[in-house]
Every structure is written in C-alpha cells, then in structure tokens.
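Residue numbers (the UniProt record's numbering): 1 to 414.
C-beta atoms are modelled at their ideal positions from N, C-alpha and C, and glycine is treated no differently.
Notes follow once the structure below has been shown.
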C-alpha cells in the first residue's frame, strides 16, 4: 500500500475548513462518503475543548442522575468519554478532578472510571478475542420472530437514541444498554454487527469499552439485560406519551428470559495472565536510541501524552491507517473530531506531520518515540517499527495476572 503525506490542517476552531479538509483527504474512507461528512453537533475535538468540559463538570448528583435519559436537562452523565477515549483526559486526571465532591457521587463516578479501566485491561489481555462471545452465545430467536429492523424509528425511544447516536456520536450509558438489548435480546440480530454500528458512530468508540458494554448487555458475558417500556417510562418520563406506538407498544412487556449455550472455548486468559508486565507495558521509559519524532495514535492525542511530554521539541507524526479506515467505514464525524484534535495540537506550537497509508511503512526505519498503547494494532505496528523510545501508558491501575471473568473479580485481584 502506498502512503501519502497529507497537507497541513486548517486552523484549529475553523470547523468549515476542517470539514472541507476531511472531505477532501479522507472522505472516501468514511461511512457517508465525501459529500456526507458532517461534524458532531454536540462535541468538538481538541485539548481546549476537553479541558473546558472537565473544568465545567460538577459531579454533584451523579449517583442519582447518571442513568436519566430525557429530557436532556435531567441527565447527570459527564459526557467526558470522547475526551477520555482519545487520551485528552487521562483517567488519573479525571479521577483526581472530582476529589472533594459529595462522597456518594465521587464514589459512583470513580466506580465508572474503573469500569473503563477494566475494559482496557480486558482488551489488552484478550485482544481480538473480545469480538466473540466470552462465556455464552446469545439465545437465538426463531426466524419468524426476528425484527426486520432492530431499531425501528417509529418507536419514540429508538428515534431519540438512534438519532443522537448518528447526529452527535454519543449516548448516555442507559441508552447504550437500551439499543444493545433491543438489537440482540429482543430483535434477534447479531450482537457483533450492532457493536460495529456503535463503533462507526461513537466519538468514544473503542473496541475495549464498546465490546465490553455489548457483551455484558446481550448476555455473552453475564445475564442478558431485558429492555422494555418500563425503563423508558422511568428514565425518560413523557417520551412514551409522544410515541406513535404508545397504544400498541412492541416492548410493552419484558422480553422472554432465554439463556444461550455456553461457549466451548472460554479464554484461559479470563482466569489468569502469565505475563501481566507484557500486557501492561513498561513501567518506565525504555530507550534504545535518539528519537527524531513522536508517533501518535488515536488512543493518546492529549498534551499529557507521555511521549509528547518527554520530547517537547520533536515533531509529532500521525498516520491515518488507510486499510483499517477502509474496512471500518467510520462516520465522518469521528474523523472530524480527530482532525480538530490534531489541529489543536499544531496550534499549540508542535510541528505535526500527517500521512495516509500504512503506519508501519511510514514509520519503519525512523527512530520515533511512542507511548505504549494497550491495543493489538499498536503492538503490531510497534513490532514492525521498533521505536527508539517507548513511554509507559498512564494506567489508573496497572494490569494484574489474576481473574477477569467479571468486574468484581478483576477489582478484587487489583
């Protein structure tokens, strides 16, 4: 695959120009195609936007309101996840930011941060295996019981949530559970296809957190979550009254309680990791040469990225992986968010090189510094590139070698 050096990004904050840049340089790789690329209506990328969001967040009331859905002013969700996912807000920083808030709210908020860390540990240990059922396969529905459209927009709850997913690229956790359960538990569709659809649209979409959420909701890693009208009326009061199907609700009752068959190949790595130091990466920088640039990935684009912080005078290099993007077909709003983030980095005075193609081909033979990243793609590219400096990942809790069958088992072993 050939690689192409991309032109410099427009000024940070010039969204129309950044949109035009994404359409011209990357639009052919998007879900919508060049003419359909749009930005999120709610979120802007970049360190300044991340810092502002964290600075404005008040954790008070989180425990009580985090699952509220509609009207939007009832919500207590932080909406920090797009910035957490891309390393603009590392988990330790967010953990510290809520210190001093009401104890029940801080405790619950930090519990959710630990779920994020658990997802990262699970993905770091199992990698692509998280794309298959971990413990049980979803119970199949008879062919004549499957819904043609798993998310019919004539249902007000689906119209609200699918609309927000596609427009903003973000959902509160409660509606992620609604959509995942509706897709597989009630409508009978393949959970991995639904996870792919989330991944295409969510600004915070990561295989780690996204797959964990689907596995825990549809019953491949725990008991299935049953979505019904009861949750909508509780978390979005008044929404059902606006629904065209309010008198003929297809989710009026609970879905049938069905358990799937146990998988034959439950990963041994759920029980133990013989090499937690490999899974977690180095605890201190590993230097084998003098780097001339910092290699950045979508997982770590913040100013606090350890490799960036350790090499303030070196240019940064980011490669839009053409093969992966062509396969994934992400929504353009995800690439606009990345472009805004990279433009903000350049605006801060960091020289920035952008490429489209094969990251290993672009970086091979060049001494680069990088931050260890707990995803399979980074490991594969790093093996081919052999970075001159590898800096530690900013874990909230370093991976251990113990049990990971559940969040509680993982936390007990931490």
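Does the distance from the CB of residue 244 to the CB of residue 323 come in under 8 Å? no
Based on the DSSP secondary-structure assignment, which residues constitute the bridge partners of residue 5? 355
To the nearest angstrom, how far is the alpha carbon of residue 9 from that of residue 345? 10 Å
Quick one: measure Cβ to Cβ for residue 22 and residue 336, integer angstroms, because I've assumed they're closer than 8 Å. 5 Å
How far does the alpha helix (DSSP H) with residue 162 in it extend, from its first residue to its last? 156-168
In or out: residue 117 buried (at least 16 other Cβ within 10 Å) or exposed? buried
Span separating the alpha-carbon of residue 31 from that of residue 328: 8 Å
Taking only the alpha-carbon atoms, compute the straight-line gap between residue 199 and residue 86 and give it to the nearest angstrom. 14 Å
Along the chain, which unbroken stretches of the alpha helix (DSSP H) at least 4 residues long are found entirely within the region 212-238? 229-235
Euclidean distance between Cα positions of residue 356 and residue 144: 45 Å
Cα separation between residue 249 and residue 299? 41 Å
Whose CA, out of 296, 359, 376, lies closest to the CA of residue 351? 296
Tell me the start and end of each unbroken beta strand (DSSP E) in the region 379-408 that is at least 3 residues and wholly inside, in chain order. 389-391
Should the region 353-370 be called in touch with the region 63-81, which here means at least 3 C-beta pairs below 8 Å? no
Per-residue burial, residue 168 [other beta carbons within 10 Å of its own, 16 or more giving buried]: buried
Bounding residues of the beta strand (DSSP E) (the contiguous stretch that carries residue 193): It is not in any beta strand (DSSP E) - residue 193 instead sits in the alpha helix (DSSP H) that spans 191-201.
Option nearest residue 409 by Cα separation, candidates 160, 339, 197, 122: 122
Beta-carbon gap between residue 80 and residue 94 smaller than 8 Å: yes
Which same chain residues, not among the five before or five after residue 54, have their C-beta less than 8 Å away from its C-beta? 80, 83, 89, 93, 94, 97
Where residue 375 and residue 242 are concerned, what is the direct C-alpha to C-alpha distance, given to the nearest angstrom? 43 Å
Contact the region 202-220 vs the region 122-134: 3+ CB pairs below 8 Å: yes
Distance between beta carbons of residue 151 and residue 158, contact taken as under 8 Å: 5 Å
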